[in-house]
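Every number in this note's numbering is 5 more than the matching position in the sequence shown, counting from 1.
We put the beta carbon where it would ideally sit given N, CA and C, even for glycine.
Note that the coordinates shown come from a computational prediction; the quantities given were computed from them, not determined experimentally.
Everything on this sheet refers to the single structure shown next.
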Amino acid sequence: MRRVALAAAAVTAAGWVQAGEVEVLHWWTSGGEAKAAAALKQQLQAQGHTWKDFAVAGGGGDNAMTVLKSRVVSGNPPAAAQIKGPSLQEWAAEGVLANIDDVAKANQWDSLLPKVVADVMKYKGSYIAVPVNVHRVNWLWINPEAFKKAGAKVPTNWDEFFAAAEALKKAGIIPVAHGGQNWQDFTTFESVALGVGGGDFYKKALVQLDDATIKGPTMTKVLETFRRIKGYTDKNAPGRDWNLATAMVIKGEAGMQLMGDWAKGEFLAAGKVPGKDFVCTHAPGTAQAFTFNVDSFAMFKLRDESKIKAQKDLAAAIMSPQFQEVFNLNKGSIPVRLNMDLSKFDDCAKLSAKDFVQTAKSGGLVPSIAHGMAVPSAAQGAMQDVVSQFWNDDRMTVQQAQERLARAAKTR
Ligand code: BGC
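What follows is the structure, encoded as structure tokens:
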């Protein structure tokens, strides 16, 4: 009798008896992103569950968040949604997220995750989300062939960056590949803020949102530098998706792009080899810093037992070493799970992993604002709007931008 009961339980654990459907909202639709998302789908299907794809195109996830809100408001949330940083707390406070402490305890997440990350995944001490990876935002991607043609040198600071941009321009190559959404403008802006102002300035101005620092002389320099970059982008940038900008660097139409390491996913998906076909280097002046962007999935409260089972299996699968490896190899990020074997990862990822640990100790580890890691969503949105207006409207003075940015930072 006992043996029969045990066998039935084992079958259940393997997912045969309670196979369920899991609907996952995400915005991973570019070449590299889609490959990484497919790894998640395969992992879940291997457990006998059905994957219902809820992909909402649009880099940075702004479109996805709008669609998610309407689904949740109508009482029909997906099982899991790509939600990050402080937004997790905002969603949990609405009472719509599920407690997944049982999965976390059974799999020892507390000892497998950096504490700073685990804390973000918890609401009032309980896990409501599971992290996938660590993306680094302060990267500069370079086409070495284009640089060679232009006689340009890989820049380490902003003076060198503009020297390289000038050389590329003279050689008839678009110096900087850029796209046209607010989050892309802010991704560039925060790398400039970090490179020009340093880590302490970054934290004071963009994390603590200190009024005097936002209005101060360092921010003036940051905005001037930021505006100068625009002169090296092409006229078709407005409206362009980030991955199309990366494609310009891949093809050598453009020399460089300031973008997080999801761009590496695009180079890899195009069959390019790091160190040979493309170069990853720190955004100018940011070698001692690391802007982090952790992707995570929030789990929504569900009623159907088989769907809950599938949801919990998804959460457990995401943190498994197999998944962390294959997903991050495709995504361009590094595993969030500690003590992983990185032998299959390239030098960009290895550098990222080393710098993540080192900057955590030195204080150079800072959250990305553009990617929702630090600032409440209302203030983030308002600040992004100001930065993009400044980027797009040459009539706005630096001083006006500083005043508007300080006002936007107070949005609640
Ligand atoms: C996400 C990445 C994604 C990128 C572009 C970021 O906010 O964290 O996973 O690849 O947006 O879509």
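key: For S196, the first and last residue of its enclosing alpha helix (DSSP H)   = 187–207
task = Compare the beta carbon distance of E165 and T296 with 8 Å and say whether it is the shorter of the two.
result = no
ask   = Roughly how many angstroms separate the alpha carbons of G244 and G184, rounded to a whole number?
value = 6 Å
query = Distance, Cα to Cα, L145 vs Y207?
reply = 18 Å
inquiry  = How far does the alpha helix (DSSP H) with E408 in it extend, from its first residue to its last?
reply    = Element bounds for E408: 403–413.
request  = Using alpha carbons as the reference points, say which of W163, L228, A168, F167 lies closest to F191.
outcome  = Nearest C-alpha to F191 among W163, L228, A168, F167: L228.
query = Just curious, the alpha helix (DSSP H) that Q394 is in, first and last residue?
reply = DSSP places Q394 inside the alpha helix (DSSP H), whose first and last residues are 382–397.
message = For the pair the region 370–388 and the region 268–287, tell me if three or more CB-CB distances fall below 8 Å.
response = Because the criterion of three Cβ pairs below 8 Å is not met, the region 370–388 and the region 268–287 do not touch.
query = At which residues does the beta strand (DSSP E) containing M224 begin and terminate?
reply = In the DSSP assignment, M224 falls outside any beta strand (DSSP E) and within the unbroken alpha helix (DSSP H) covering 222–235.
message = I'd like to know whether the C-beta atoms of E271 and G63 end up nearer to each other than 8 Å.
response = no
message = Is A33 near the ligand BGC - that is, is its Cβ less than 7 Å away from at least one heavy atom of it?
response = The question names Ala, but residue 33 is Trp in the sequence shown. For the ligand BGC, at least one heavy atom lies less than 7 Å from the Cβ of W33.
Counted within 10 angstroms of its Cβ, other Cβ atoms place D399 as buried (16 or more) or exposed = exposed
ask   = Ends of the alpha helix (DSSP H) at S92?
value = Per DSSP, the unbroken alpha helix (DSSP H) holding S92 starts and ends at 91–98.
ask   = Relative to the ligand BGC, is the shortest distance from any of its heavy atoms to the C-beta of D190 smaller than 7 Å?
value = no
request  = With distances taken Cα to Cα, identify the nearest neighbour of G265 among T251, P222, P119.
outcome  = T251
ask   = Looking at D300 and the ligand FMN, is the gap between the Cβ and the nearest heavy atom below 7 Å?
value = Summarising the ligand content, the structure contains the ligand BGC and does not contain the ligand FMN.
ask   = Grouping DSSP H, G and I as helix and E and B as strand, with all else coil, what is A103?
value = coil
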